[in-house]
Structures are given as structure tokens and as C-alpha cells.
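To get the working numbering, take the position in the sequence shown, counting from 1, and add 230. Input: a single structure, listed below in C-alpha cells.
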Amino acid sequence: MAISRRKFLIGSGAVVGGGVLVGYVGYSSAESNTHEQAAKLTEHNGARLLAGWVTIAPDDVMTVLVPHADFGQGTHTALAMMLAEELDADWSKVRAIQAPGDDAFANWFLAEAFSLQPGVLLDSGIADPIFKIVARRLGLQITGGSTAVRCTGEFGLRRIGAGARQMLIRAAAKKWSVSADSITTKDSVVIHAASGRTLRYGELVDAASRLSVPSRPPLKPREQHRLMGQSVLRPDIPLKVTGSFSYGIDVRLTELRYAATKAAPVHGGRLIAVDVEPAMNMKGVETVMRLPDSVAVIAREPWQALQAVARLDPRFSAGDASAVSTDSLYADQLIALDRAKREQMLKIGSAKKTLEGAQKRIESTYRAPFLHHAQMEPINATAQWKDGELHVWTGAQDAITTRRFLAETAGVSTDAIHLYTLPLGGSFGRKTGPDADAIYYPQLVAIAKQCAPHPVKLIWSREEDTAQGWYRPQATTRITAALGPDGLPIAWSEVFTEGRPGRSIAYPIPYEIPHQLFEQVRAPHHVRIGPLRSVNSTQHGFFRESFIDELAHAARQDPLHYRLALMKNDARVQRVLKEAAERSDWGQSLPPGRGRGVALHIEYESVIAQVVEASWEPTGVKVHRVVAVVDCGDLVHPDTAAQQVEGATIMGLSNAVAEQINIAEGAVVEKLFSDYRIFTLADTPTIEVHFLGSDAPRGGLGELGVPAAAPALANAIFAATGLRARRTPLNSAIRELQVLTTDALAAL
Numbered sequence: 231m232a233i234s235r236r237k238f239l240i241g242s243g244a245v246v247g248g249g250v251l252v253g254y255v256g257y258s259s260a261e262s263n264t265h266e267q268a269a270k271l272t273e274h275n276g277a278r279l280l281a282g283w284v285t286i287a288p289d290d291v292m293t294v295l296v297p298h299a300d301f302g303q304g305t306h307t308a309l310a311m312m313l314a315e316e317l318d319a320d321w322s323k324v325r326a327i328q329a330p331g332d333d334a335f336a337n338w339f340l341a342e343a344f345s346l347q348p349g350v351l352l353d354s355g356i357a358d359p360i361f362k363i364v365a366r367r368l369g370l371q372i373t374g375g376s377t378a379v380r381c382t383g384e385f386g387l388r389r390i391g392a393g394a395r396q397m398l399i400r401a402a403a404k405k406w407s408v409s410a411d412s413i414t415t416k417d418s419v420v421i422h423a424a425s426g427r428t429l430r431y432g433e434l435v436d437a438a439s440r441l442s443v444p445s446r447p448p449l450k451p452r453e454q455h456r457l458m459g460q461s462v463l464r465p466d467i468p469l470k471v472t473g474s475f476s477y478g479i480d481v482r483l484t485e486l487r488y489a490a491t492k493a494a495p496v497h498g499g500r501l502i503a504v505d506v507e508p509a510m511n512m513k514g515v516e517t518v519m520r521l522p523d524s525v526a527v528i529a530r531e532p533w534q535a536l537q538a539v540a541r542l543d544p545r546f547s548a549g550d551a552s553a554v555s556t557d558s559l560y561a562d563q564l565i566a567l568d569r570a571k572r573e574q575m576l577k578i579g580s581a582k583k584t585l586e587g588a589q590k591r592i593e594s595t596y597r598a599p600f601l602h603h604a605q606m607e608p609i610n611a612t613a614q615w616k617d618g619e620l621h622v623w624t625g626a627q628d629a630i631t632t633r634r635f636l637a638e639t640a641g642v643s644t645d646a647i648h649l650y651t652l653p654l655g656g657s658f659g660r661k662t663g664p665d666a667d668a669i670y671y672p673q674l675v676a677i678a679k680q681c682a683p684h685p686v687k688l689i690w691s692r693e694e695d696t697a698q699g700w701y702r703p704q705a706t707t708r709i710t711a712a713l714g715p716d717g718l719p720i721a722w723s724e725v726f727t728e729g730r731p732g733r734s735i736a737y738p739i740p741y742e743i744p745h746q747l748f749e750q751v752r753a754p755h756h757v758r759i760g761p762l763r764s765v766n767s768t769q770h771g772f773f774r775e776s777f778i779d780e781l782a783h784a785a786r787q788d789p790l791h792y793r794l795a796l797m798k799n800d801a802r803v804q805r806v807l808k809e810a811a812e813r814s815d816w817g818q819s820l821p822p823g824r825g826r827g828v829a830l831h832i833e834y835e836s837v838i839a840q841v842v843e844a845s846w847e848p849t850g851v852k853v854h855r856v857v858a859v860v861d862c863g864d865l866v867h868p869d870t871a872a873q874q875v876e877g878a879t880i881m882g883l884s885n886a887v888a889e890q891i892n893i894a895e896g897a898v899v900e901k902l903f904s905d906y907r908i909f910t911l912a913d914t915p916t917i918e919v920h921f922l923g924s925d926a927p928r929g930g931l932g933e934l935g936v937p938a939a940a941p942a943l944a945n946a947i948f949a950a951t952g953l954r955a956r957r958t959p960l961n962s963a964i965r966e967l968q969v970l971t972t973d974a975l976a977a978l
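Given below as C-alpha cells:
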């Protein structure tokens with residue numbers, strides 16, 4: 231939900247103590263210094279920086295500086311397309327790289343998008359100083375929240391491209407002594423049709439770079455787009471297919487050392503003692519370090535370091551957390567739902583009063599486990615401490631904040647930190663900033679100082695990566711609804727355990743229910759938690775869409791038609807649901823033992839309906855087919871858009887079927903992919919993605935497919951078996967229900 235510009239600025243500290251006034255007074259000189267810093271970081275081999283976010287070289291090659299990390303989502307291509315479209319660039323000459331993790335490249339487009347209502351963005355212009363001040367103060371360069379295309383692209387890089395084009399036109403007009411209105415552009419060439427003269431962008435960029443940036447350049451209407459809407463070749467794909475694409479783990483430096491660590495298995499534990507001799511006696515081992523919460527081995531080769539640390543048997547503290555288990559955490563959450571102080575998150579109408587007077591009430595309790603990010607590339611970075619400065623090569627979803635945290639950890643200024651950001655081999659929220667790496671980065675800094683002047687690569691083993699994650703929160707919710715005479719809910723009351731402390735969001739349900747109340751309670755524990763792809767929606771999507779299905783069956787109504795009735799005043803959602811029904815053959819017969827389930831999700835200004843066909847097999851849940859219908863406004867790169875929905879759907883299904891982080895004696899039980907089971911190719915169903923083009927604002931896609939997948943699957947299993955799973959993972963939930971059903975029948 232958008233907030234006012236003033237509220238955002240006050241909340242970010244930009245107006246506290248006259249901050250905005252100071253910002254404006256010193257803005258011209260500060261902006262000049264920032265541009266000089268940006269140019270210093272990006273202008274090489276004759277290239278010149280235009281409008282702060284794109285360089286053009288004398289040979290016309292242009293490089294778009296993208297303030298988002300690459301971990302396979304394709305946004306580097308999409309954002310480069312959006313800028314190149316407005317710049318009228320020759321796509322064959324366009325490149326995209328991640329912007330340096332420097333305040334000069336703070337993402338003020340996000341500051342703007344988060345603070346202004348839709349439709350107001352264009353009024354501020356691309357040179358509005360307030361948002362630049364805010365973004366730099368906050369160190370805003372995060373990748374997450376499906377913000378890349380819908381915020382950075384739509385409200386930023388499109389305008390940057392249009393502004394750079396005007397700068398090139400003005401430079402040509404001055405050179406030719408003609409009116410700028412008489413000049414056109416195409417394929418990185420400026421054209422004066424009346425005289426037949428042309429100039430390449432590379433010939434004009436030096437002069438153009440000295441001109442002011444237009445504040446409000448007009449954007450192309452959709453009918454004039456030549457790139458946007460086309461599935462152009464993604465430059466990263468051939469490199470990834472051939473294995474020549476470089477990730478953080480691929481960094482190789484001269485005289486490189488390798489490190490491996492073993493941290494306290496119970497989060498928050500401290501190192502008590504360790505006998506280092508078993509590791510020091512091994513070939514290639516140079517040092518064993520005792521750190522506050524872990525032990526580290528430094529060796530000449532990575533396998534030597536990993537083998538050596540595995541031989542160590544350190545003792546760690548655990549405290550009261552040693553008595554904690556998955557079951558005890560769920561028990562604490564149930565107690566909290568009954569007894570803990572409630573914080574009201576959202577209230578519409580009078581839910582409590584309506585429920586008290588209702589003739590038909592339905593109540594259910596749902597729960598969801600801790601989930602691990604399980605990215606393919608384990609946590610790693612390469613670092614070198616030299617001459618009082620730290621050089622770090624790694625992937626990060628929040629580069630500027632990571633750089634600041636490294637400076638704080640190393641005890642130096644930010645200028646002494648040189649962060650070389652690289653693509654990530656998966657992330658899903660795992661690398662969103664210092665909170666996520668509060669264990670890893672202190673290890674890295676200490677080890678780098680120990681190894682100086684040699685560089686060192688710290689790689690967590692898969693076991694350590696799994697044990698030291700910051701997981702999607704384990705959560706429990708209780709939902710109560712009152713049904714009216716027509717079977718539709720007239721009141722919805724929900725109390726749920728808090729997700730991340732201080733960062734929970736109410737995520738209102740989309741349905742037209744007149745009385746709604748959402749409250750959260752706290753049930754503190756020691757396990758580290760953080761965002762997983764789609765954040766709170768990953769649990770609450772399962773809770774709420776499963777419960778809607780329960781209400782439909784209690785009212786003896788078709789689940790899809792039930793949702794249509796609950797969204798009768800929203801033509802956009804009606805269109806998506808009806809298309810999903812048609813595409814999925816909703817209502818048609820299926821083979822015995824197979825069922826269909828539907829779920830709806832609205833977020834990031836996009837709408838998705840997913841229909842899942844599934845069955846229960848002796849080996850567990852089997853997903854046969856998924857049909858997803860999406861309205862996200864206009865598409866930039868259709869193939870990548872479809873891949874985003876497909877990938878998110880697979881992840882949502884995988885999360886639902888078997889994934890779970892268990893806690894025993896305070897520590898994580900799972901170690902490897904063999905016991906933290908994610909979907910394989912054999913598990914993956916047929917997935918059909920259908921986009922409905924519309925005039926709605928361009929919406930996000932990277933996370934949209936996750937929240938609806940789990941409830942659609944659970945609803946399909948209910949349709950196939952009559953068993954209602956109110957928790958995940960579904961495999962264990964359904965088996966438990968089968969035992970309970972068998973026991974109940976035996977008792978009869």
C-alpha cells in the first residue's frame with residue numbers, strides 16, 4: 231500500500247532535524263560530487279556516463295547500470311530493454327551490468343515508487359533531489375519485492391533512456407545548428423532527415439554528457455514500442471548454458487587461500503572450546519581460528535579446508551534453547567494465539583460483533599514450518615585485506631547496505647571497502663543484507679585479516695549453509711468466519727503468530743467481505759528468520775486460500791464460482807478467474823483419484839489464478855498439471871515473464887509438498903538436499919502460463935507464483951481424497967490424516 235511522500239520522508243529520517251533543508255542547500259555541490267564518483271566508477275575506454283545510469287562508448291556500445299542483483303530472474307535484460315526502448319538504441323550494442331554498490335548508484339526510483347501514489351510519479355521528474363537524498367541516506371539498492379521492472383524500470387530507467395535520448399538530440403542540434411524538433415533517432419543513430427546528415431550516438435556522447443538531464447522527458451506510447459513486448463535474446467543465457475557465466479564461487483585470485491567454518495549448531499550459541507590438533511595435522515592446513523561463535527580452518531585448497539573443519543569437535547553453548555523442538559515451538563504458538571497480547575493489524579467493519587451474532591461459524595487452525603532457501607550456490611565470498619582496506623567479491627541482494635556492514639565489522643570507513651558484486655546462483659531472499667549474513671560476514675572479515683596479504687575464499691559447506699540459514703518463519707494462524715444466508719462470508723477474524731519482529735504486514739485478503747479483523751501475537755524463539763520468496767504471503771497465501779476453499783465446501787458451492795461471487799465487483803479479477811476456469815477445463819471430469827484445486831492471489835499490482843491437478847500416490851503427492859492465468863498489465867519480455875511464473879510455481883509446490891526445517895535440541899536437523907527435499911525434474915508437472923494483457927499498471931512477477939501454488943495443491947488433494955490438510959509439508963500432513971481417519975473408522 232502506498233504511503234504519502236511526507237510520511238515516507240519522515241520515516242526515512244530525511245526531514246528529521248532539517249535534513250531536507252540541509253539537503254537542498256548543499257544539493258548542487260553534493261550532486262556534482264556524486265556524478266563525479268559515478269563517472270569515476272563507470273567511465274572506461276572513452277565511454278561517457280549519461281543521466282547517471284547508462285554509459286555510451288565511442289563504438290556505440292552502451293552499458294546499462296542496473297541497481298538490482300542478477301540471480302536468474304532476467305531483470306537485467308528487461309531493465310536494459312526498457313531503457314534501450316526509450317533511447318532508440320540498437321539492441322545488439324546494449325549491455326547490462328549490476329551497478330556498483332556505491333551511494334552514487336542508490337536506487338532513488340524505489341524511494342520514489344514507495345512514497346508516491348500511482349499516477350503521481352511522473353510529476354516529480356527524474357531529477358527530483360529529495361528522492362536521491364533519501365535513497366543515499368538509506369543505502370537503497372535492494373533486490374526484492376518484485377520491484378525491478380514495475381518500479382526501477384517503469385519509473386526510472388525508461389525515463390533515463392528518454393532523457394539520454396534528448397541529450398543526444400540536443401548535442402546534435404547544437405553541432406548542426408538546427409532545431410532539436412527536426413531531429414529523429416533510430417538504432418543508436420541521430421538523423422536530420424532534411425539534410426540527410428546522421429551521427430552515431432558514440433560520436434555525440436562526449437558533448438551530450440556535458441548537458442543537463444531533462445527532468446520530465448516524454449515516454450513512448452505502447453504502439454511505438456519496438457523492443458518492449460518482444461522476447462529478445464537474453465545475453466546471459468548462452469553463457470549460463472555453456473557454464474562460462476561467472477558467479478561468486480568462480481572467483482580465482484593469485485595466492486588464494488580457502489576457508490571453511492563450523493558455527494554453533496544452536497543459533498545464538500558461543501564457542502566454548504576446541505582441540506585444533508586434528509585439523510592442524512592435516513596436509514595443506516595453515517591455520518585454525520577460534521571465533522566467538524565458530525571455528526575456522528584456512529588451507530591451500532577448498533577440499534582440505536572442508537575436510538579439516540569436519541574433523542574438529544568444538545563445544546558450543548546452547549543455554550535454554552537446547553530444549554527447543556519443532557513441536558515445542560508449535561505448542562508455544564498455540565498458547566500465544568490463546569493468551570498473548572494481540573496487536574491489531576487491520577480492521578474493517580465489526581468482525582467480532584458479527585461473529586458473536588452469526589448462526590453459522592467456521593473455525594480452523596493452520597500452520598506452516600520453517601523453510602530453507604536452498605539456493606544451489608552455497609554461501610561464499612572472496613576477500614582480501616590489504617593496506618587497511620578490504621576487497622570483497624560476492625553476490626548480494628543489498629549491495630550498499632552490505633558494504634556499510636562490512637565497514638562496520640572491519641572497523642574502517644566505507645571508502646575502505648571495495649565490494650565487487652557478482653551474480654548469485656540463486657538467493658530467494660537469502661542474501662538480502664547484513665541481517666542475513668550476521669554470522670557469515672564477521673567470519674569473513676576476521677579470516678581475511680588473518681590471511682593478509684593473501685586473498686581468501688570462505689565457502690560454507692552444504693551442511694553449514696543449511697544449519698546456519700535465516701529461514702521463512704514457522705507460523706500458526708487461527709481463522710474464524712461467519713457465513714450469511716447465501717453461504718458467503720460476512721465476517722473474517724484471524725489471529726496469527728508474528729513473522730519477522732517489527733516487519734510483519736497485514737496482507738489483507740482480496741475478497742469482498744464486509745467485516746474483517748487481523749491480529750498478530752508474538753511467540754519468540756531463538757531460530758534466525760528472514761524473508762523467503764514472496765515473504766509473508768508464502769504462509770498466508772496457503773492459510774487464506776485453503777480456508778476460502780473450506781468455506782466454499784461448507785456452503786456446498788463450487789470453489790471457483792465461490793471466488794467469483796466474492797469478487798463480483800472486480801472486473802479484472804473476474805476476467806482472470808473465468809479464463810483460468812476455461813483454460814483448465816474446470817468442471818470437466820478427471821481420471822479416478824485425481825482432483826482440481828484453485829487459488830487466487832493479488833499482490834505487486836498483479837493478479838494470478840492457479841488451477842492445480844493432483845493425486846495422492848503411495849509415494850506421496852503427485853502434481854500432474856498447473857494452469858496459471860496472470861494479469862500484470864503490459865509485458866516487457868514475455869518469455870522471461872512466463873519463466874518467472876513457472877519457476878515461482880515450482881518453488882511454491884516444492885515448499886508445499888515436502889520441504890521443512892525441523893528443530894531438535896535447539897538445532898536444525900536437516901543437513902543436505904537428501905533430507906531437505908526440493909522438487910526435481912521428475913516431480914515437476916506440466917505448467918501452462920497465460921497472460922491477459924490489460925491497461926493496468928505494470929505489475930511484479932518474480933514472487934507472484936509462489937503464494938497460490940500451495941493452497942491450490944492442497945485444495946486439489948482435498949478434491950481427490952476428501953482429506954483437508956491444514957499444514958505443510960503436505961506429504962506428512964496427508965499421511966497423518968490417513969492414520970487418523972483409519973483410527974476413527976476402527977473405533978466405529
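Positions of the beta carbon are idealized from the N, C-alpha and C atoms, including for glycine. Everything numeric in this text was worked out from a predicted model, so none of it was measured.
Cβ contact annotation for residue 643 (same chain, cutoff 8 Å, sequence separation greater than five): 637, in chain order. Secondary structure of residue 560 (DSSP, three-state): helix. For residue 679, the enclosing alpha helix (DSSP H) begins and ends at 670-681. Within the stretch 426-498, the runs of alpha helix (DSSP H) at least 4 residues long that lie entirely inside it are, in chain order, 431-438, 466-472. Classified as buried, residue 770 has 16 or more neighbouring CB atoms from the shown chains inside 10 Å of its CB. Contact between residue 695 and residue 663 is ruled out by a C-beta separation of about 17 Å, above the 8 Å threshold. Excluding its 5 nearest sequence neighbours in each direction, residue 559 has C-beta neighbours in its own chain below 7 Å: 704, 755, 893, listed in chain order. Two segments are said to touch when three or more pairs of C-beta atoms, one from each, lie closer than 8 Å; by this definition the stretch 929-943 touches the stretch 772-789.
As DSSP reads the structure, residue 719 sits in a beta bridge with 713.
If you draw a straight line from the Cα of residue 422 to the Cα of residue 868, it comes to about 34 Å. Residues of the same chain with a CB within less than 6 Å of the CB of residue 706, apart from the 5 flanking positions on each side, are 563, 597, 727 in chain order.
Per DSSP, reduced to three states, the secondary structure at residue 342 is helical. Collapsing the DSSP output to three states places residue 914 in coil.
With respect to the 8 Å criterion, residue 382 and residue 297 are classified as neighbours on the basis of their beta carbons. For residue 779, the enclosing alpha helix (DSSP H) covers residues 767-784.
With respect to the 8 Å criterion, residue 746 and residue 576 are classified as neighbours on the basis of their beta carbons.
Contact holds between the stretch 944-957 and the stretch 833-845, because three or more Cβ pairs, one in each stretch, are under 8 Å apart.
Counting along the chain, no alpha helix (DSSP H) covers residue 547, and no H or E run does either.
DSSP places residue 611 outside any alpha helix (DSSP H); the residue lies instead in the beta strand (DSSP E), whose first and last residues are 610-616. Straight through space, the alpha carbons of residue 719 and residue 961 are spaced by roughly 30 Å. Shown here for residue 901: same chain residues with a beta carbon closer than 8 Å to its own, the five before and five after excluded, namely 692, 693, 696, 697 in chain order. Within the stretch 282-342, complete beta strand (DSSP E) segments of at least 3 residues are found at 284-286, 292-296, 324-328, given in chain order.
A distance below 6 Å between beta-carbons, with the five flanking residues on each side excluded, links residue 862 to the following residues of its chain, in chain order: 836, 929, 931. According to DSSP, residue pairing for residue 377 in a beta bridge does not occur. For residue 628, DSSP records a beta bridge to 372. DSSP places residue 935 inside the alpha helix (DSSP H), whose first and last residues are 935-951.
Beyond the five residues adjoining it in sequence on each side, residue 672 comes within less than 7 Å, by CB distance, of 639 in the same chain, given in chain order. Between residue 677 and residue 331, the C-beta gap is not smaller than 8 Å, which leaves the two residues out of contact. Secondary structure of residue 762 (DSSP, three-state): coil. Residue pairing by DSSP puts residue 843 in a beta bridge opposite 826, 855.
At least 8 Å separates the beta-carbon of residue 468 from that of residue 501.
Rounded to the nearest whole angstrom, the C-alpha separation of residue 883 and residue 554 is 28 Å. Within its own chain, the residues whose Cβ lies closer than 6 Å to the Cβ of residue 918, once the five positions on either side in sequence are excluded, are 857, listed in chain order. Counting along the chain, residue 517 sits inside the beta strand (DSSP E) bounded by residues 515-520. It is roughly 14 Å from the alpha-carbon of residue 388 to the alpha-carbon of residue 377. A distance below 7 Å between beta-carbons, with the five flanking residues on each side excluded, links residue 321 to the following residues of its chain, in chain order: 314, 457, 462.
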